[in-house]
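These protein sequences, in sequence, are chains A and B. Mapping the first sequence onto the working numbering, position 44 (from 1) lands on 149, and the numbers just tick up by one. Mapping the second sequence onto the working numbering, position 66 (from 1) lands on 138, and the numbers just tick up by one. Virtual Cβ for every residue (Gly too), placed ideally from N, Cα, C. Notes for the one structure printed next.
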Amino acid sequence: NAGVTQTPKFQVLKTGQSMTLQCAQDMNHNSMYWYRQDPGMGLRLIYYSASEGTTDKGEVPNGYNVSRLNKREFSLRLESAAPSQTSVYFCASRRQAGGETQYFGPGTRLLVL
Amino acid sequence: AQSVTQLGSHVSVSEGALVLLRCNYSSSVPPYLFWYVQYPNQGLQLLLKYTTGATLVKGINGFEAEFKKSETSFHLTKPSAHMSDAAEYFCAVSSGGTSYGKLTFGQGTILTVHP
Numbered sequence: 106n107a108g109v110t111q112t113p114k115f116q117v118l119k120t121g122q123s124m125t126l127q128c129a130q131d132m133n134h135n136s137m138y139w140y141r142q143d144p145g146m147g148l149r150l151i152y153y154s155a156s157e158g159t160t161d162k163g164e165v166p167n168g169y170n171v172s173r174l175n176k177r178e179f180s181l182r183l184e185s186a187a188p189s190q191t192s193v194y195f196c197a198s199r200r201q202a203g204g205e206t207q208y209f210g211p212g213t214r215l216l217v218l
Numbered sequence: 073a074q075s076v077t078q079l080g081s082h083v084s085v086s087e088g089a090l091v092l093l094r095c096n097y098s099s100s101v102p103p104y105l106f107w108y109v110q111y112p113n114q115g116l117q118l119l120l121k122y123t124t125g126a127t128l129v130k131g132i133n134g135f136e137a138e139f140k141k142s143e144t145s146f147h148l149t150k151p152s153a154h155m156s157d158a159a160e161y162f163c164a165v166s167s168g169g170t171s172y173g174k175l176t177f178g179q180g181t182i183l184t185v186h187p
């Protein structure tokens, strides 16, 4: 099992450009999440998908959109990138049973100039 | 609403010394509590978690944490630090149920281990 995979690993954008961050999991998890990590602020939830076909806003959704393409894939889109969106983005998925462990991908480092 | 506070953004210990990373939480319902570790340029890896039952939880790499409801704490300890423990550690809380497993993270504690 690859677990949670994310592409790309690193991206540089100019202000106003758009891009989509891809995430896929092969663990048959129902729920998927997008977080951003900034120094001294921990991880903050952007959007989540409790199950295939549903998405909801998290703590910091402004400037982002998401698509739950199918059970495996959950993408994050920046329509018009801003320097404030420079961050490391993590995708995670949740095990269906047990104590709600989330499994994280390796992250995407995004720099917006 | 739920929140997590990690006391100390940086902790420095000598190799072989006790590691203590502090975490306090607030939650309106019984919480699920987690500690994650992040090594440089990597994703987050689960160290241990508390859901229900025994309040002393053992995790990987010799770490353990104790859930103390009266103190709303979930401090992480390891009796003897190793150089390989140098990393950033995150405490997180989830309320379960209709929260759909959403995690609220603390701001992180960077652990430095000196020879």
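As assigned by DSSP and simplified to three states, the class of residue i
i	result
Gly203/A	Any answer about Gly203/A is weak, because its pLDDT of 45 lies below 50 and its placement is not dependable; what the coordinates show is given next. Gly203/A falls in the coil class under three-state DSSP.
Trp124/A	One detail in the question is off: residue 124/A reads as Met in this sequence, not Trp. Reduced to three states, the DSSP call for Met124/A is strand.
Asn96/B	strand
Ser81/B	coil
Tyr116/A	Reading off the sequence, residue 116/A comes out as Gln, not Tyr. In the structure shown, Gln116/A sits in a strand (DSSP, three-state: E or B).
Leu150/A	strand
Ala89/B	coil
His186/B	strand
Leu218/A	coil
Ala129/A	strand
Gln111/A	strand
Gln74/B	coil
Pro211/A	coil
Asn106/A	coil
Same chain, Cβ closer than 6 Å to residue i, five either side skipped, listed in chain order
i	result
Val171/A	Tyr152, Thr160, Leu181
Lys176/A	Glu157
Val193/A	Gln142, Gly212, Arg214
Gln127/A	Thr112, Ser180
Gln207/A	Ala197, Arg199
Own chain partners of residue i with C-beta closer than 8 Å, once the 5 adjacent residues on each side are dropped
i	result
Leu118/A	Met124, Leu183, Ala186, Leu215, Leu216, Val217, Leu218
Lys114/A	Pro211, Gly212, Thr213, Arg214
Leu150/A	Tyr138, Trp139, Tyr140, Gly163, Glu164, Val165
Residue of the options minimising C-alpha distance to residue i
i	options	result
Ala159/B	Glu136/B, Thr77/B, Ser81/B	Ser81/B
Gln78/B	Thr144/B, Phe106/B, Lys141/B, Thr181/B	Thr181/B
Pro187/B	Ser167/B, Met155/B, Lys174/B, Gly173/B	Met155/B
Thr127/B	Tyr161/B, Leu183/B, Thr144/B	Thr144/B
Leu183/B	Leu92/B, Val83/B, Phe106/B	Val83/B
Pro151/B	Ser142/B, Ala137/B, Lys141/B, Tyr161/B	Ala137/B
Thr149/B	Ser99/B, Trp107/B, Ala73/B	Trp107/B
Pro144/A	Ser167/B, Lys174/B, Tyr161/B	Tyr161/B
Asn133/B	Lys141/B, Pro102/B, Gln117/B	Gln117/B
Ala153/B	Gln110/B, Leu93/B, Lys121/B	Leu93/B
Val109/B	Ser100/B, Lys141/B, Leu120/B, Ser99/B	Leu120/B
Leu135/B	Val185/B, Val91/B, Glu87/B	The sequence given here places Phe at residue 135/B; Leu does not occur at that position. Nearest C-alpha to Phe135/B: Val91/B.
Gly173/B	Thr191/A, Arg173/A, Ala155/A	Ala155/A
7 Å Cβ shell around residue i - same chain, five flanking residues per side excluded
i	result
Val76/B	Cys95, Tyr97, Cys163, Ala164, Val165, Thr176, Phe177, Gly178
Gly203/A	Here Gly203/A scores only 45 on pLDDT, less than 50, and its place in the model should not be relied on; the value that follows carries that caveat. None.
Gln122/A	Ala186
Phe146/B	Cys95, Tyr97, Leu105, Tyr122, Ala137, Phe139, Cys163
Ala129/A	Thr110, Arg177, Glu178
Distance cut-off 6 Å: residue i Cβ against heavy atoms of the ligand COA
i	result
Ser167/B	You won't find the ligand COA in this model; it holds no ligand whatsoever.
Under 8 Å from the C-beta of residue i: neighbouring residues of chain C
i	result
Gly168/A	No chain C appears in the structure shown, which is made up of the protein chains A and B.
Could you please tell me which residues of the region 96–121 of chain B, in chain order, have their CB closer than 7 Å to any CB of chain A? Tyr104, Gln114, Gly115, Leu116, Leu118, Lys121
Which residues of the region 126–153 of chain B have a Cβ closer than 9 Å to any Cβ of chain A? Give them in chain order. none
Which ranges does the beta strand (DSSP E) cover as unbroken runs of at least 3 residues, wholly within the region 156–206 of chain A, from first to last along the chain? 169–173, 179–183, 192–199
Taking beta-carbon pairs under 7 Å, can you tell me which members of the region 179–213 of chain A lie near chain B? Phe195, Arg199, Gly204, Glu205, Thr206, Gln207, Phe209, Gly210, Pro211, Gly212
Could you give the uninterrupted runs of the beta strand (DSSP E) lying entirely in the region 102–182 of chain B, keeping only those of 3 residues or more? 104–110, 116–122, 128–130, 136–140, 145–150, 159–166
For the region 139–156 of chain A, enumerate the residues whose C-beta is nearer than 7 Å to any C-beta of chain B, in chain order. Gly145, Met146, Gly147, Leu148, Leu150, Tyr153, Ala155
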